[in-house]
Structure formats: C-alpha cells, structure tokens
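In order, the protein sequence lines correspond to chains F and Y. Under the numbering used here, think of the first position of the first sequence as 1, with each following residue one higher. Under the numbering used here, think of the first position of the second sequence as 1001, with each following residue one higher. For glycine and all other residues, C-beta sits at the position ideal for the given N, C-alpha and C. All remarks here apply to the structure that follows.
Number of protein chains: 2
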Amino acid sequence: MIIDIHGHYTTEPAALHAFRDKQLAALADPGRKPSPDLAIGDEELVKSVQPQLKLQRDRGSDLTIFSPRASGMGHHVGNEAIGHVWSRLSNDLIHRVCTLLPDNFAAVGQLPQFPGAPIDNCIPELERIVRECGFVGVNLNPDPSGGYWKSPPLTDRYWYPIYEKLVELEVPAMIHVTGSCNPAVHFTGAHYINGDTTAFMQLLQGDLFRDFPALKFVIPHGGGAVPFHWGRYRGIAQDMKKPLLTEHLLKNVFFDTCVYHLPGMECMAKVIPVDNILFASELLGAVKGIDPETGHHYDDTRRYIDQLKSLTDADRQKIYEGNARRVYPRLDAQLRARGKAGKAQAVA
Amino acid sequence: MIIDIHGHYTTEPAALHAFRDKQLAALADPGRKPSPDLAIGDEELVKSVQPQLKLQRDRGSDLTIFSPRASGMGHHVGNEAIGHVWSRLSNDLIHRVCTLLPDNFAAVGQLPQFPGAPIDNCIPELERIVRECGFVGVNLNPDPSGGYWKSPPLTDRYWYPIYEKLVELEVPAMIHVTGSCNPAVHFTGAHYINGDTTAFMQLLQGDLFRDFPALKFVIPHGGGAVPFHWGRYRGIAQDMKKPLLTEHLLKNVFFDTCVYHLPGMECMAKVIPVDNILFASELLGAVKGIDPETGHHYDDTRRYIDQLKSLTDADRQKIYEGNARRVYPRLDAQLRARGKAGKAQAVA
C-alpha cells in the first residue's frame, strides 16, 4: 500500500472557520463567544474530504496521515485558553473524519502550544488524542511565536516533558510550524522551510537523542534546506566534533518527500538514506497548480519518486509504506488490526 | 580567470577584535572607549591573508571578492553610533587589503545598518566605499535584528533609498545576514540559510524589480533552500499570478555556489539558469573540514562545478568569470583598467 504521511485538513466545513472567527471576536467582545457545538453532520464531513479522496484515487495512494490545517493551528493567536478549546475542536474533527473513513485516513493532532507557556500544558490533549482517539502522531511547533523564534531550541529541557510523553505513547512528532505573524516571513514559502532547517540545526547542535533514544521526529517539506546543504551539515557536525549524522541524528530524524520537482527529489535521494525518507505530498493546497514544464501537478510527488532510477523496488516499498509503519507504530498496529499486515521486511 | 565572489575576512589581526571588545565594553564603561587607530601595519595585513592566498593557489582561483566577516557585522549589537564606527573601520581594513593585493582581492563592504534605524543612514558609508575606496559591491542585511526578523520585507519602501543609491552607483548587493542573537537559530547552520530563503520569498511576493529594473541582488549559500524547492517556488509564484520566475526575478537575482557537496550543486545546475550562477566558496571558515567521503575540503566548491557533466566550457566560463563581471560592473571596469579584459561574450 501507499501511505502519504503529510496531509492537512484544508477543506474544513465553513462552520469551523465561523467558530474561529467568533472565538477570536470574543477576545474583543465576550458576547460573541461561540458554542463549541459546530453542528457539522457526518455526511458533511465525508463530503468535505472528497477532494482528498479523489486525489488518492487519481494518484494511487491508499491512506493519508491527516492533521489539522497547519497554518490554522495558530499557536501565537489569542491566548492559551482559547488555544486549548481550538486544538480540541480541531482534533475532534480529524478524529471524526478518520473514524468515518478509516481506510483512507489516520489521525495526527495539533497541540495547544502557546508562546511562553509550559509545554506540560499540552500533555493532557496529547494523552487524550492518542489514548482515547487513536491518533498515531502529533505536530509539534518549534516556534509557537509564529515567525519570531522566541522558544528555546528543541534540545532544551523546556521540551522534555512532551518528549517523555511521546516516547511513552510511542508516537512520533512531525516538527511543523504554523502560520507566520511576521510580515517579513511568508508562511508556506519561507516560515515552513526555515522551520524545518532551523529544527534540524538545533538537533545537530545538541545531543537530544542520547536522552531520548526512542524519540522520533519527522521533518516535513523534504527537510527544508537540509538535503540541499547536506555537505554543509556534515561539515558543521564534523567541526563541532559530533558523530556522523547517520549516527547522531538519522536513527531518530526522518524526512518527508514534499519536494515539488524532480531535481530536488533526486538530490534528496542521493544524500538521505532510504530508511529515512517517508512518502508525502502535503495535500491539499500548499501549491495548487500544474507545472507547465511537466503537465502534472507540482504536488504529485509520487511521480518524482517513481522516476528515481537509483531506487530498487524494495527501496520504494520502504518510502511508500515500510518506513511509515516503522516511524508510526500505532498506525502499523491499526493497519494490522484491520488485516493489512504489510510486508514483513518493512516492519522489521 | 576564476573569480570567487564570496569571501570574508575571517583572519583579521587580533587588534581588530581587541578594538571591538573595547568598543562594546565602552557601552558599559565609557572609559574603555578605544582609539580608532588599530596600528596594524601593511605587512601584518598581507600576512593575515596568506591562508586565503594559499587556497587561491591550491584551488586555482585568481581573485576573491572580499568583505568583512559576515557574523562580525553585528548590526544588532550595541547602538547605531558604534555601528557606524565599526563599519567604517571594518571597510577600511578591507580597502587596505584590496589595495595591497589588487590582483587577489576586490572589495565588498558592510553597511552600518541598525534595527529600526532609517536605511538612509547607511548611504554616506555606501557612497564613501564605492566612490572613494573602489568597492564593487556591498552586503545588505535583510534582518539587522539578528534572527528575529523585525525589519519590513526587502520589497518595502523602507529599503528604497538604498536601492536608488545602489542603482546609481552600479553596484550589486549580496543579501547576507550577520550573526544570530537568537538562541534558537544557529548562525551558519540556520540563520544564513533561512536569510537567503526568506529574502527570495520576499522578492517573489513583491514586484520590486518593476521599480528597480537595474537593481541586482546576489543570494549566497546557493540561494538557501531555493534551488532544492524550485518547484515549490515556481508553483507558489503561479498560484500568486506572478510571471515565470525567469521573468519575475532572474533578471535581477543571482545565486552563488556555496553548496558543499556534489548532489546539491547538481540540483542547482539543473534548475537555475547558468547566467544566474556565480562561483563562490565562502572562504574562509564557514565549514573547515575535509569531507571523509571525498577526501577534499567541503568548501572546495570548484571541484563540484568541474564535475557537472551538463555544463559546456562556455557555461563554466560564465560561472567562473563572465557572470561576475556582468553582475559587478565596477569589478569588470577595474579588471579592464588592469589589462584583464575577459572574454567578449562573457561581458556582452
């Protein structure tokens, strides 16, 4: 099967946006506080993800790991209390979609992070979505200030409580920023990519995985600038007397394939070990158009992977399925419980 | 000839560092204010750049475009007044090195930018270094706050006075941040690369070159994440109804080759037109070591370019010399005045 590990719910029913409007309006006028009952029926939910289901059929993928709209997480917006309500509501919608369409979607959640607030405050929601709702992973924002980078690096003990819980629950974190409130930093064109690059460099500088050998991070968008500057990172690690990156980071850090052209994907495949690459498209909407140079959608990333001559069939099986089952063990367990065991070598 | 367009004076005499220590100490204790006379002799200056000269000989490059240490610019440090003194002093040292060794070095300056200060305040120093000292370009920092991105984007009218002067003087700007004072953002491993990526995206979002068709920017470090995500940027431009990037940006925006491994350089050469690529190594010291996979220094970027099978001899001549003469017309004029005309097609 083909698992796309990076999809966002960017086709939410209008009622969710209306709720958020009212919620933020209530910061200025408490009388506008909305009811948490969105009154969205199951039929409407299923209808809302038809675009994603069509893309799965058109492009031949089977299951999408599905999380709330990344820019919608908005950790820097409002205050911590409304962030908790917003996260819970957003996660509940994801949970319902994945429950209604379990063959097509597996759930990843957002956390109620807030700039300056203790990360411990996110643990109850993490426990809830994993233990009660069957989520297989979570998005962790390294910069909840939304483009100003006011949090300590990911290697700081500030983050340790959430890492302890991630390890205990056996779920990976995708390191994913939310929207940017910094007018100098565009969200999908700069902040997302910078977030990936910055997080990787934070991990390189530290020794986090000595303390958390079982912790797993997925860095999206092909790892930001990292594969393109792989020589720079290997060299900086060497100058810092760190172990080889394969030892220092690659037992714990994985990259997705949200790279929207063949030359970028070729670069990635040359430097990042196959075991660390997970298929993903970032559906739906980060880049919407058709590439005039190929006649295909930019975000149809499977096409680039299928064109990589260096990969064996076994390599492709890892990228499309095996690595995802290994990095998201709760997904593997869910699939097995549904009679989809996967190839033996993929989950070894 | 082979022109390396991105070198920094990272082997400064100790007297320069001692000056800076005293200058910053004087913020707390005015009695420590140093004399601006560094008492560095010509012999000491020439000796200080022997490592660079050796690398030129070893690697077969002829001339390095030489600017002050990037992280040393420190626009966010202290106050605007000391920044003016510091910039002038740093530029004067570059000027002396380039005057002593005109066959080996051409000068690029730093500006006395300060967070929140009008960019107009940098114009006198820009005029001085170009008109009086023969500098051929200047570094422009898109984030003088040092990792917090507090300035408006490069397309904002805030920056227009400096662009008018750059066009008038016919000098390009290299878009180069300085050190990071943000503990979440490592300087060479994150801030530099993010700075490149962010600046490119700012330019993509705007229409700056409609107002300044003759303005030229060099984005260093291979353009940050841009070539790796070239499909993403083409797609975002398309979604924003911008012209093709070749039309929208590539008449004015150039990339250097500070990419420290072959797969990255291959990716760049596949997507960035040859006319937009300028040879550079970022000597000396961003990455110091020898790559165990090749047995050569990571930053010996000429080796990667020489291995690119897709390039013709004419392409290489552009990357090594012709494009630099075109983007830095004052350098070309200086070389011609010294009897080094270059190939006709390279400067057409």
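Closer than 6 Å by C-beta to residue i: which residues in its own chain qualify, once you throw out the five before and the five after it? Chain order, please.
i: H297 of chain F; result: I290
i: S281 of chain F; result: D4, D299 and T301
i: A375 of chain F; result: Since the displayed chain F opens at 1 and closes at 348, residue 375 of chain F lies outside it and no answer follows.
i: R349 of chain F; result: There is simply no residue 349 of chain F to check, as chain F begins at 1 and stops at 348 in what is shown.
i: T1011 of chain Y; result: S1048 and P1051
i: H248 of chain F; result: K242
i: D92 of chain F; result: none
i: G83 of chain F; result: P112 and F114
i: S87 of chain F; result: Q110, P112 and E125
Just to confirm, are residue i and residue j a CB contact at a threshold of 8 Å?
i: P172 of chain F; j: Y328 of chain F; result: yes
i: H1176 of chain Y; j: N1121 of chain Y; result: no
i: M1174 of chain Y; j: V1108 of chain Y; result: yes
i: V1287 of chain Y; j: Y1304 of chain Y; result: no
i: L278 of chain F; j: A324 of chain F; result: yes
i: G1074 of chain Y; j: T1155 of chain Y; result: no
i: L89 of chain F; j: P36 of chain F; result: yes
i: Q50 of chain F; j: G7 of chain F; result: no
i: G1231 of chain Y; j: G264 of chain F; result: yes
i: I1236 of chain Y; j: T188 of chain F; result: yes
i: I40 of chain F; j: P68 of chain F; result: no
i: A1018 of chain Y; j: T198 of chain F; result: no
i: L1111 of chain Y; j: E1127 of chain Y; result: no
i: D1042 of chain Y; j: L1100 of chain Y; result: yes
i: L38 of chain F; j: L16 of chain F; result: yes
i: L1166 of chain Y; j: L1208 of chain Y; result: no
i: F212 of chain F; j: Y158 of chain F; result: no
Under the three-state reduction of DSSP, which class applies to residue i: helix, strand or coil?
i: N995 of chain Y; result: A query on residue 995 of chain Y cannot be resolved here, the shown segment of chain Y reaching from 1001 to 1348 and no further.
i: S151 of chain F; result: coil
i: Y1328 of chain Y; result: coil
i: I290 of chain F; result: strand
i: I1094 of chain Y; result: helix
i: T312 of chain F; result: coil
i: L1166 of chain Y; result: helix
i: G195 of chain F; result: helix
i: Y260 of chain F; result: coil
i: G342 of chain F; result: coil
i: H1176 of chain Y; result: coil
i: D4 of chain F; result: strand
i: V1218 of chain Y; result: strand
i: Y1233 of chain Y; result: helix
i: I1277 of chain Y; result: strand
i: L244 of chain F; result: coil
i: Y160 of chain F; result: helix
Considering only residues of the same chain and omitting the five flanking positions on each side of residue i, which have a CB-CB separation below 8 Å?
i: Y233 of chain F; result: F200, M201, L204, V226 and L245
i: K1033 of chain Y; result: K1022, Q1023 and A1026
i: G370 of chain F; result: Beyond the ends of chain F as shown, which are 1 and 348, falls residue 370 of chain F; an answer cannot be given.
i: N1276 of chain Y; result: L1250, V1253, F1254, F1255 and N1323
i: F228 of chain F; result: G264 and C267
Who are the near neighbours of residue i in its chain, counting only those whose CB is closer than 7 Å to its CB and skipping five residues on each side?
i: H76 of chain F; result: P115, P144, S145, G146 and C181
i: N1161 of chain Y; result: Reading off the sequence, residue 1161 of chain Y comes out as Pro, not Asn. So the qualifying residues of the chain are I1119, D1120 and I1123.
i: Y1320 of chain Y; result: I1002, I1003 and F1279
i: C98 of chain F; result: F66, F105, A106 and A107
i: G78 of chain F; result: L24 and L27
i: S1071 of chain Y; result: T1178, G1179 and F1187
i: V130 of chain F; result: L169 and V171
i: R59 of chain F; result: D300 and R302
Indicate whether at least one CB of chain A lies closer than 8 Å to the CB of residue i.
i: E247 of chain F; result: Checking the listed chains, one finds no chain A in this structure; the protein chains it contains are F and Y.
Three or more beta-carbon pairs under 8 Å between the stretch 308–323 of chain F and the stretch 269–286 of chain F, yes or no? yes
Are there three or more Cβ pairs, one per stretch, closer than 8 Å when the stretch 174–193 of chain F is compared with the stretch 1141–1149 of chain Y? yes
On the three-pair Cβ rule with 8 Å, is the stretch 1131–1138 of chain Y touching the stretch 1094–1110 of chain Y? yes
Touch check for the stretch 210–222 of chain F and the stretch 245–256 of chain F: three-plus C-beta pairs under 8 Å? yes
Curious, which full-length beta strand (DSSP E) runs of at least 3 residues does the stretch 12–85 of chain F contain? 63–68
Please go through the stretch 102–148 of chain F and give each complete alpha helix (DSSP H) segment of 4 or more residues, from N-terminal end onward. 123–127
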